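Here the protein sequences come in this chain order: B and R.
What the first sequence shows, in our numbering, is residues 1114 to 1259, in sequence order.
What the second sequence shows, in our numbering, is residues 1114 to 1259, in sequence order.
Beta carbons are placed, not taken as given, at the ideal position from N, Cα and C, and that holds for glycine.
Since the model is a prediction, treat every value here as computed from it, not as a measurement.
Number of protein chains: 2
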Amino acid sequence: MSGVLHVLLHMAQQPGPFTSETLAKAMDTNPVVIRRIMAGLRDLGYVRSEKGHGGGWTLACDLSKVTLRDVYTALGSPSLLAMGNRTEAPGCLVEQAVNAALDRAFHDAEALLLARLGEVTLAMLGDDLRKRLGSRKLQGMSAHGA
Amino acid sequence: MSGVLHVLLHMAQQPGPFTSETLAKAMDTNPVVIRRIMAGLRDLGYVRSEKGHGGGWTLACDLSKVTLRDVYTALGSPSLLAMGNRTEAPGCLVEQAVNAALDRAFHDAEALLLARLGEVTLAMLGDDLRKRLGSRKLQGMSAHGA
DNA sequence: GTTTCATGTAACTATTTATGTTACATGATG
DNA sequence: CATCATGTAACATAAATAGTTACATGAAAC
């Protein structure tokens, strides 16, 4: 999640297509990893990829219309919470009672988190970044800092 | 978490001290694992452990005063959310922007989850369990079911 | 007191999950 | 057709979690 947003935000700063290798260097990881995490976004049409000379990844969406929740969904909606229920022994009534209590709490928290993610668009992230870049520039430093 | 609650609820159903081995069998795990997860609860005084003949684990708290949040704390307050921030490259402004957005959402969700856990006492869980046991008994089945 | 039973804990061994890597196929461009 | 880039499978590594073994400590029974 954090990684994908990082990539998207980097891409939003300059136009050209970006190769997986370029992005991988910026994220300090491997090109294949980039392709993996971008696959979901491509399938949903948020980015486009092209092969051959001058190819690479391009933003293909209106940043003001895509929320962090959309990105989360594009990643396959992985579980948000660290603690899941014991799925073993579902016939045990003790387990059922425990799960019922935890499920309620977990569900509410998850719903809130998704709602919050749905309120933030990539464009907002970009705006925030530009603000940070502005104040940093005054100190004559680059985006990646020390 | 789920495991600890399972153990506590099992203990609340009968008085006697329970050996780690007994509890381990009920949880389908190893006695040492039981001792590990109970250690935090013991340190905070929620349960007591005794050695030798007739020893084992005993509940040592008012179940109506201990919330799921207390139990969570006793476990060392492990992170609740599955996705943390990339901590790498904290000097990168892009990362800072991403983290700022995610932190807000994560913090709210975590706070809600903790609040919900704080609303549920072990006694409530016990009540719920007894209700389930009641309706199950009518069918002539045991707590662990099929 | 010595045997037995139980916890306490360190050290080690799976097992799982996420991440990174290599290798090669596919397609686009010059 | 040589080069560059993605697509993807297969494998390797790393970190976290859970399970196991081994042994020390203390309490009760005899």
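Within chain B, partners of residue i - CB distance below 7 Å
i          : result
Asp-1221/R : Leu-1225 and Arg-1229
Opening and closing residue of the beta strand (DSSP E) in which residue i lies
i          : result
Val-1120/B : Val-1120/B -> not in any beta strand (DSSP E); alpha helix (DSSP H) instead, spanning 1115-1126.
Ser-1162/B : 1160-1163
Neighbour-count burial assignment, residue i, 16 or more Cβ in a 10 Å radius
i          : result
Ser-1248/R : exposed
Glu-1208/R : buried
Asn-1212/B : buried
His-1123/B : buried
Arg-1229/B : buried
Ser-1133/B : buried
Val-1233/R : buried
Met-1214/R : The question names Met, but residue 1214/R in the sequence shown is Ala. It counts as buried.
Ala-1259/B : Note on Ala-1259/B: pLDDT 36, under 50, position unreliable in the model; no value is reported.
His-1119/B : buried
Arg-1182/B : buried
Val-1145/R : exposed
Ala-1187/B : buried
Ala-1195/R : exposed
Glu-1173/B : A small correction: the amino acid at residue 1173/B is Ala; Glu does not occupy that position in the sequence shown. It counts as exposed.
Ala-1224/B : exposed
Per DSSP, cross-strand counterpart(s) of residue i
i          : result
Gly-1169/B : Glu-1163/B
Leu-1194/R : Leu-1194/B
Thr-1132/B : In DSSP, Thr-1132/B forms no bridge with anything.
Thr-1180/R : Thr-1234/R
Where residue i meets chain R, residues with beta-carbon distance less than 7 Å
i          : result
Glu-1208/B : His-1119
Met-1114/B : Met-1196
Amino acids of chain R, ordered along the chain, whose beta-carbon sits closer than 9 Å to that of residue i
i          : result
Pro-1191/B : Ala-1195 and Met-1196
Arg-1149/B : Result: empty, since nearest Cβ-Cβ is about 16 Å, beyond 9 Å.
Boundaries of the alpha helix (DSSP H) in which residue i is found, first to last residue
i          : result
Asn-1212/B : 1206-1232
Asp-1141/R : Unbroken run through Asp-1141/R: none, as it is neither H nor E.
Interface residues of chain R facing residue i [CB-CB closer than 8 Å]
i          : result
Leu-1154/B : Result: empty, since nearest Cβ-Cβ is about 15 Å, beyond 8 Å.
Val-1145/B : In chain order: nothing, as chain R lies at least about 18 Å away.
Contact set between residue i and chain B, taken where Cβ atoms lie within less than 9 Å
i          : result
Leu-1109/R : Because chain R in this structure spans residues 1114 to 1259, residue 1109/R falls outside the shown range and cannot be described.
Contact set between residue i and chain B, taken where Cβ atoms lie within less than 8 Å
i          : result
Val-1211/R : Ser-1115, Leu-1118, His-1119, Leu-1122 and Leu-1238
Leu-1181/R : Ala-1214, Leu-1215 and Ala-1218
**Study point:** Selection of the segment 1159-1175 of chain B by Cβ proximity to chain R, strictly under 8 Å
**Key:** none
Exercise for review: Residues of the segment 1230-1245 of chain B with a CB closer than 7 Å to any CB of chain R: list them in chain order, please.
Suggested key: Against chain R - using a Cβ distance shorter than 7 Å - the residues of the segment 1230-1245 of chain B are Leu-1230, Val-1233, Leu-1238, Asp-1241, Leu-1242 and Arg-1245.
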